[in-house]
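Numbering (the numbering used here), first residue to last: 292 to 488.
Every residue, glycine too, gets a C-beta built ideally from N, C-alpha and C.
All remarks here apply to the structure that follows.
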């Protein structure tokens, strides 16, 4: 049997408020055959799911705008345009994004199309995010959205022209990674880009 490439040899919880911050010690089998011990801090963040709502006929998308402390602390105003998203909390990813779309945007969607799964920042986070797109019908809006105030959410719902949203990627108006990827997916696979006449 082949020798294990990675072996966890120790783990210490440094903080455990929202999610655990751990110091993990591991041994890595190097390509030269030697073993090397490493130690890293990892935020054991929960996995989540996001959905970008689009309307093919109107060529619009529905985004949310909410405050993100991490972006604020790194030079942004912190109010990011994003696809609707949330933590899985034991739910299947597709079920979670249907619920999040309703809570955050007010739109009822019945079907979502999976796009990809990816790790957000694998050097320091355990979080995996599941990305989806879904077509929305303006007549199926059952509420205002805005999130759950009891969870501290104060979400603005923003419907915009798809090509305007793409342009915001180029100008830095949309800087959330999952949202950029979902918009580029829509451009490449679903809606394309309108050429200016």
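Item: Residue 469: buried (16+ other C-beta within 10 angstroms of its C-beta) or exposed?; Value: buried
Item: So, using beta-carbon positions, are residue 449 and residue 344 closer together than 7 Å?; Value: no
Item: Excluding five sequence neighbours on each side, which residues of the same chain lie with their C-beta closer than 7 Å to the C-beta of residue 452?; Value: 350, 351
Item: Starting from residue 398, follow its DSSP beta bridges and name the residues at the other end.; Value: 432
Item: Rounded to whole angstroms, what's the CA-CA distance from residue 376 to residue 465? Just pull it up for me.; Value: 15 Å
Item: Residue 474 to residue 457, Cα distance in whole Å?; Value: 7 Å
Item: What does the alpha-carbon distance come out to for the pair residue 395 and residue 370?; Value: 15 Å
Item: Assuming residue 489 is part of the beta strand (DSSP E), what are its boundary residues?; Value: Nothing can be reported for residue 489: it is not among the residues displayed for the chain, which extend from 292 to 488.
Item: Run the CB neighbour count on residue 373, radius 10 Å, all protein chains shown included, and call it buried at 16 or more, exposed below.; Value: buried
Item: How would you label residue 421, buried or exposed, when you count the other beta carbons within 10 angstroms and need 16 or more for buried?; Value: buried
Item: Name the one or two DSSP bridge partners that residue 423 has.; Value: 342, 405
Item: Assess, as a yes-or-no matter, whether the stretch 300-319 is touched by the stretch 381-401 under the definition of 3 or more beta carbon pairs within less than 8 Å.; Value: no
Item: Excluding sequence positions up to five away, which residues of its chain have a Cβ less than 7 Å from the Cβ of residue 476?; Value: 406, 424
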